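Chemist: Residue numbers (the working numbering): 13 to 390.
As structure tokens, this is what we get:
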């Protein structure tokens, strides 16, 4: 069963008892989409929401303060989410026992232990909320919700992320029907819509996913964007750009920068390959476009390559922000947007999109590393 678009946002959220919502986020993109959903949702059904930012895999820097000042959320909580590797006790149940039965029996214990590990770090009582929205429930928070038997809505990790990474299937190769049945009983945990306590799995585009669970719902991000007011766009810029004027100056360049009138080409980096290979990969992209374009590099928040040092002649945007927020700047456009595997369906401010894809990435690393989802069908 699927429910479509804004109808889901309105009718789905009308089922709440007190209108209290919480969004649990792991990345800037998650926080951005959570804020957009809340700005749109509160126009329609009222109520209020809190937001939780997990620091497990991302440095949110000063985002907490800007979210607080915006007033979009009643409370902003930071969550010191704990990976399994931080506990020897949990990792005892994450060993290969040699056969599927023994592995699944220990996985039941692992599921409970990883969920329990989070208890002392959860910053607020999640059970008090009527609607819980979780981005990337494959992280330990999903195990916690399973452990505490808290129902929630799962939201796709990234825009159309299921196209290249069918997370649930890739993490559960072998005996898939059995594992899926065990997850529905709450014995083990499977992300992306397969948990007993997952009410639905929200994606931007069902057709862009390799496979989806029965409880999938489609909420096109473009449809959400169309519901934002001019004031909403200003709020998003104020939250997600610490210094909009500085970022715009870098993006647009000074008059002297633009004396040769080259169009701008923005390259979105990703934490692909090993660092030395990554430097060569993006160096090759720069060489391809630098003759006819002014090159701008927007590093991925988790990309640790020093692009300023590696490529001193290009513009590097060091501020951490979701690229989607550039579309909230009135009148802003970029001539060309280039990515390897980042999905760019929601970069409405790009005049031209260049998606290099897996065939390009094949030249730089073993295809089996990034074509795992394709191998599921073989």
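Built from N, CA and C at the ideal position, the CB exists for glycine as well.
Fair warning: this is a prediction, and the values are worked out from it, not measured in the lab.
Restricting to Cα atoms, I'd like to know which of 375, 210, 236 is closest to residue 148.
Modeler: Minimum Cα distance to residue 148 is reached at 210.
Chemist: Quick one: any contact between the region 104-118 and the region 136-145, if contact means 3 or more CB pairs under 8 Å?
Modeler: In short, these stretches do not touch, since the Cβ pair count stays below three.
Chemist: Report yes or no: do the region 128-143 and the region 190-200 share at least 3 C-beta pairs separated by less than 8 Å?
Modeler: The region 128-143 is not in contact with the region 190-200.
Chemist: What is the rounded straight-line gap between the Cα of residue 106 and the Cα of residue 200?
Modeler: Spanning the two alpha carbons is a distance of roughly 13 Å.
Chemist: Looking at the strands, I want to know which residues DSSP matches up with residue 364.
Modeler: Answer is 348.
Chemist: Decide if residue 380 is buried, meaning its Cβ has at least 16 other Cβ atoms within 10 Å, or exposed.
Modeler: Its Cβ having fewer than 16 others within 10 Å, residue 380 is exposed.
Chemist: Between the region 382-389 and the region 327-340, can you find at least three pairs of beta-carbon atoms closer than 8 Å?
Modeler: In short, these stretches do not touch, since the Cβ pair count stays below three.
Chemist: Helix, strand or coil for residue 155? Go by DSSP, reduced to three states.
Modeler: Looking at residue 155 - three-state DSSP - the assignment turns out to be helix.
Chemist: Spatial neighbours of residue 391 within its chain, please: C-beta separation below 6 Å, excluding the five flanking residues on both sides.
Modeler: In the structure as shown, the chain begins at 13 and stops at 390. Residue 391 is therefore absent and cannot be evaluated.
Chemist: Given this structure, state the Cα-to-Cα distance separating residue 218 from residue 280, to the nearest angstrom.
Modeler: Their backbone Cα atoms lie some 24 Å apart in a straight line.
Chemist: If we call anything under 8 Å between Cβ atoms a contact, is residue 168 one with residue 215?
Modeler: Yes, the pair counts as a contact, with Cβ atoms nearer than the cut-off.
Chemist: What's the gap between the Cα of residue 225 and the Cα of residue 206?
Modeler: Near 7 Å, if we compare the C-alpha coordinates of residue 206 and residue 225.
Chemist: Once DSSP output is grouped into helix, strand and coil, what is the label at residue 286?
Modeler: Residue state, collapsed to three classes: coil.
Chemist: Residues in the same chain with beta-carbon distance under 7 Å from residue 372, minus the five sequence neighbours each way, listed in chain order, please.
Modeler: Counting only Cβ-Cβ distances below 7 Å, and skipping sequence neighbours, we find 352.
Chemist: Do residue 313 and residue 40 have their beta-carbon atoms positioned less than 8 Å apart in this structure?
Modeler: Cβ distance < 8 Å, so residue 40 and residue 313 count as in contact.
Chemist: Using DSSP bridges, identify the partner residues of residue 32.
Modeler: Residue 32 pairs with 60.
Chemist: Just verifying my parser: in three-state terms, what is the DSSP assignment at residue 38?
Modeler: Note: residue 38 maps to coil in three-state DSSP.
Chemist: Relative to the C-alpha of residue 258, which candidate in 223, 300, 237, 328 has its C-alpha closest?
Modeler: Among 223, 300, 237, 328, the Cα nearest to that of residue 258 is on 328.
Chemist: Below 8 Å, how does it come out for the region 346-363 and the region 291-305: are there three or more Cβ pairs, yes or no?
Modeler: The region 346-363 is in contact with the region 291-305.
Chemist: With a Cβ-Cβ cutoff of 8 Å, do residue 196 and residue 185 count as a contact?
Modeler: Not closer than 8 Å, so no.
Chemist: Within the same chain, show all residues whose beta-carbon is closer than 7 Å to that of residue 76, passing over the 5 residues directly before and after it, in chain order.
Modeler: Only 65, 88, 90 meet the Cβ criterion.
Chemist: Based on the DSSP secondary-structure assignment, which residues constitute the bridge partners of residue 66?
Modeler: BP columns for residue 66 point to 91.
Chemist: Whose CA, out of 316, 277, 342, 315, lies closest to the CA of residue 365?
Modeler: The residue with the shortest Cα to Cα distance from residue 365 is 277.
Chemist: Leaving aside the five residues before and after residue 203 along the sequence, list all residues of the same chain whose C-beta is less than 6 Å from its C-beta, in chain order.
Modeler: Hits under 6 Å: 149, 150, 154, 179, 180.
Chemist: Using three-state DSSP, classify residue 356 as helix, strand or coil.
Modeler: Coil.
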